[in-house]
Amino acid sequence: MRIKRTLGKLSIPLLSILIAMLAGSAVILVCGYSPGAAYSSLLRGAFGSFRSCMGTFEKCVPLIFCGLAAMAAFKSGIFNIGLEGQVVVGAIAYILTGLKIQFLPLPLHVLVCSIFAMLAGGLWAMIAGAMKVYCRANEVVSTIMLNYIALNLAEYLFSGPFMAEGTIPQSEALETSKLLLPVWEGSKITWAFVIACSMILFMGIFYRYTVTGYNMIAAGDNYKAAEAGGIRMNQTRLLSMAMSGGIAGIAGGLLVAATYGRYVIGMSSGYGFDGMAIAVLGQNSAAGVFLSSILFGGLRTGSLSMAMFEGIPSELVSILQGLIILTVSAPLLIKSFRIKSRGKKQ
Amino acid sequence: MVHLLETKKLTKVFGDFTANKDVDFWCDEGKVTSLLGENGAGKTTLMNTIYGLYQPDGGEIVFDGKAVHFKSPRDAIACEIQMVHQHFMLIDEFTVAENVVMGNEPVKRGLFHTKEARRRVLEISDAYHFGIDPALRVSDLSVGEKQKVEIIKALYHGARLLILDEPTAVLTPQETEGLFQVIRRLKSSGKSIIIITHKLHETMEIADEIFVLRHGVMGGHVKKEETDPYKLTCMMVDHQPREFKKETLMPGETALHIEELDYVREDGSKALDCLSLDVHSREIYGIAGIEGNGQLELLEVISGILKGWTGQLEVLGEDISGRTTRQIVESGAAFIHSDRMERGLLLGQDAAMNAALGNQYSDLVTSKHKIDYKKIDRMLEEIFEKYQVSPRNKALPLKNFSGGNQQKMIIGREFYRNPRLAVIAHPTRGVDIGVCEIIHESILELKRQGAAILLITADFDELFRLSDRIGVIYEGHMVTEDIAEAFTPTKLGFYMGGGRENED
């Protein structure tokens, strides 16, 4: 029974990936490449060897966080388009606190900086949340605007007052001893990946077993019924927005701590939007976000080897990602596809 | 004798579901034929098939002695068969005349001939005593008048056979009586009428021939003279209806106290106007009224959803001003809102999630502040069993349950915490007789357990069946209240329409 249900849940994302790949083949053909070669080198580059798997896991850390962040908002029926900005604000907070408190030992340093990153992202998102709740501002519009503010703020900070010496607009680097290093020598799996996995677990438990999580799901399904069931909508919406932004903030922080070691202008570009795509593809479940993050991480690593060995531009992967999202966000398309195939069987 | 319309072994299948199976049905010229059945019995499907909206999967339709195959309503209309649907198909911005003649407009020099249109409509209106002014805009008409416009429209375009789908569902008793007079006149002028309904006393009043559908199968045909409401009920449901006895218990302390309650809507209109009432434990207080007279707001004010009211409002002895819905629910109240889709259910979530709603703060579904799915499972089993919910599938999203089962889930969930005050709006709207009985029984049981119940309903049968006392609400004001036995349907209708005692 349970297995059947899980399979049922998986069928829509899997089918949409398949349809997207078919449509993607057409694009690849038109561009003059061989779809077979493209896909096989994509697959090999992403999961073909131990090393490439490592690369995929490394890439998917910020994706997991952004996916969870998008999910936190979606669950209670809010469209947080502001993940990009919240990631940026989180990263800014992380590096600025991190540079100030380098005297702390590593675990404490990461903890304190992450908390600041989370708070910054959460508060940034709550601006839009409060505007929605108290002024009925559409969160889609306000979060997009806040994205621009955050991006320009980062640009100002790291090409102005906090710019490192040199010509590249970036912050000073954290001491190497303050970075999240690989779990064991030679691997690319950093402690950040471990943190991401625990976050997945935490979110799964949160939505299944806590009353607050329950309230958020109820609010997202039917806010009027939720209201009648004693759920305070304003509170719930604000909290979801804060959670969403907070998780996005951690994503930004970990980009600094595990990948770049400093703030580099433009380093987080696209993660927020990928996060929304991941949440949609993952059907708004923690486990789904994990699987889709690995897929998207794989696409990111695979695209490099595809470009390297086959000479196929890595932009094709973005097209593939876009196609997956298009098909996933049209569940009726998949359903009609399934009904038709069932009809043929009869 | 040849029937005007006859279906022979008509079958209609939707996917796996057989909506009509081998249905033999007929109606005669100049007669009123009633098609009776519970919700979901297949009445509307049968009529839609006759009307050409659906194509039959088996059997045939004979009209006027000839087998017909209607590809669409257009073909049916060409044979002068007209159907008035439950939901009116009128354009609010147009006048009555414009609505009626649409599709066959009188034209003068290439332009719409308003005068001629009005004249023709008035002619029909006068002939059958509709009493409708063709120059009025449809948006200014009452529901009953809109329905008359629909019938005039059917007559204008030519109707030998008129099919009315649940025509009285939205009407007050007075409007229903007006409709029946129109039907009688139509009949005496030789028109044939089919009425789809699930109301027994109306069938008994207006019909000549009565057909009963049960689960898509023809359950029988009787002449009006040969039957009575009790026999008809037996034909409609599989089991014998239990005779219902209302027990009057000794009312206890005041559970709900409302005094001079005012509430103004966002648009500035008064929803509740100096409303006062008291409900005691072991008592069912029924509120009668035409919809939109403040019932919705009353429920939402008591349940703490609407703020900004003035007056005095005590739930279970506590003043609720400034209290949240959660606090009010936790003090022992339960609320069943009128629109189950809107305020009752999480349609995308499964039965377990829905059972938890409203109970999520109590230890009925939590242990140590964590959602306890074992407890929810036990709760669901109890609800499934007690209210005979089907399917008994805890993981199925609520949107895939039928209306009756959705309603049973809501009632089950709200009553599960043994509330001491229940405010219930339209508990049996759109559900069939079987479900209706289960729900009524559970409401009476709650009363026996000592709860106070405020019942808001538009269904007279329900109102009289359950209420100990009845109050009539009109434009947010309590017009009159008395013990239930002091009211008759006519008297209620009089007050519901805004009548005052001194005009009586």
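Protein sequences appear in the order of chains E and D.
Numbering that gives the first Met the number 0 numbers the first residue of the first sequence as 0 and each following residue consecutively.
Numbering that gives the first Met the number 0 numbers the first residue of the second sequence as 0 and each following residue consecutively.
Cβ atoms here follow ideal geometry from the backbone N, Cα and C, with glycine treated the same way.
Take the alpha-carbon of ALA18 (chain D) and the one of LEU170 (chain D): they are about 28 Å apart. The way I'd put it, the stretch 245-264 of chain E does touch the stretch 66-73 of chain E; three or more beta-carbon pairs between them come closer than 8 Å.
Taking the Cα positions, ARG50 (chain E) is about 10 Å away from ILE188 (chain E). For VAL193 (chain E), the enclosing alpha helix (DSSP H) covers residues 190-208.
The beta carbons of HIS197 (chain D) and GLY36 (chain D) sit closer together than 8 Å. Within the stretch 244-322 of chain D, the beta strand (DSSP E) runs of at least 3 residues that lie entirely inside it are, in chain order, 253-263, 269-279, 282-287 and 309-314.
Contact of ALA355 (chain D) with chain E is assigned, a C-beta pair being separated by under 8 Å. Inclusion of PRO61 (chain E) and TYR262 (chain E) in the CB contact set at 8 Å is not warranted, their separation being larger than that value. Distance from the CA atom of ASP207 (chain D) to the CA atom of ILE76 (chain D), rounded to whole angstroms, is 24 Å. Scanning its chain for C-beta atoms nearer than 7 Å, with the 5 sequence neighbours on each side dropped, one finds around TYR360 (chain D) the residues ARG325 and GLU329, in chain order. Residues are counted here when their Cβ sits less than 8 Å from a Cβ of chain D; for the stretch 45-64 of chain E the count is zero. DSSP links VAL137 (chain D) through a beta bridge to no other residue. Sequence-distant Cβ neighbours of HIS2 (chain D) in its own chain, meaning closer than 7 Å and more than five residues away, are TRP25, CYS26 and ASP27. Proximity of the stretch 416-431 of chain D to the stretch 366-379 of chain D falls short of the contact definition, fewer than three beta-carbon pairs being nearer than 8 Å. With a threshold of 8 Å between beta carbons, ILE319 (chain D) makes no contact with chain E. Residue contact with chain D for ALA227 (chain E): present (Cβ-Cβ distance below 8 Å to some residue of chain D). Per DSSP, reduced to three states, the secondary structure at GLN282 (chain E) is coil, with no helix or strand assignment.
Excluding the 5 residues flanking it on each side, MET234 (chain D) has same chain C-beta neighbours closer than 6 Å at VAL211, GLY218 and GLY219, in chain order. Within a 10 Å sphere around the beta-carbon of PRO390 (chain D) sit fewer than 16 other beta-carbons, which makes this residue exposed.
By the criterion of at least three beta-carbon pairs nearer than 8 Å, the stretch 49-66 of chain D is in contact with the stretch 77-88 of chain D.
Taking a Cβ-Cβ cut-off of 9 Å, the neighbours of MET352 (chain D) in chain E comprise TYR213, ILE216, ALA217 and ASP220, given in sequence order. Against chain E, a Cβ distance below 7 Å from VAL328 (chain D) picks out GLY229.
Between MET198 (chain E) and ILE63 (chain E), the gap from beta carbon to beta carbon is short of 8 Å. Taken atom to atom, the span from the alpha-carbon of ILE286 (chain D) to that of LYS65 (chain D) is near 52 Å.
The straight-line gap separating the alpha-carbon atoms of GLY130 (chain D) and PRO72 (chain D) is approximately 28 Å.
One thing to note: CYS59 (chain E) has its Cβ no nearer than 8 Å to the Cβ of GLY321 (chain E). Counting the other CB atoms within 10 Å of its CB gives SER158 (chain E) a total below 16, which places it among the exposed residues. Between ILE442 (chain D) and LEU462 (chain D), the gap from beta carbon to beta carbon reaches 8 Å or more.
Here CYS435 (chain D) is buried, its C-beta having at least 16 other C-beta atoms within 10 Å. The way I'd put it, the stretch 163-182 of chain E doesn't touch the stretch 292-307 of chain D; fewer than three beta-carbon pairs between them come closer than 8 Å. Only residues of its own chain outside the window of five on either side were considered, and among them ALA276 have a CB closer than 6 Å to the CB of ILE324 (chain E), listed in chain order.
Shortest Cα-Cα distance from ARG322 (chain D) to any of E:MET307, E:PHE192 and E:GLY229 involves E:GLY229.
Setting aside the 5 residues that flank it on each side, HIS128 (chain D) is surrounded in the same chain by GLN180, VAL181 and ARG184, each with a C-beta closer than 8 Å to its C-beta; the list follows chain order.
Taking C-beta atoms as the reference points, SER275 (chain D) and GLU299 (chain D) fail to come closer than 8 Å. Among the CB atoms of chain E, none fall inside 8 Å of the CB of ILE301 (chain D). Against chain D, the CB of LYS177 (chain E) has no partner CB under 8 Å away; the residue lies outside that interface.
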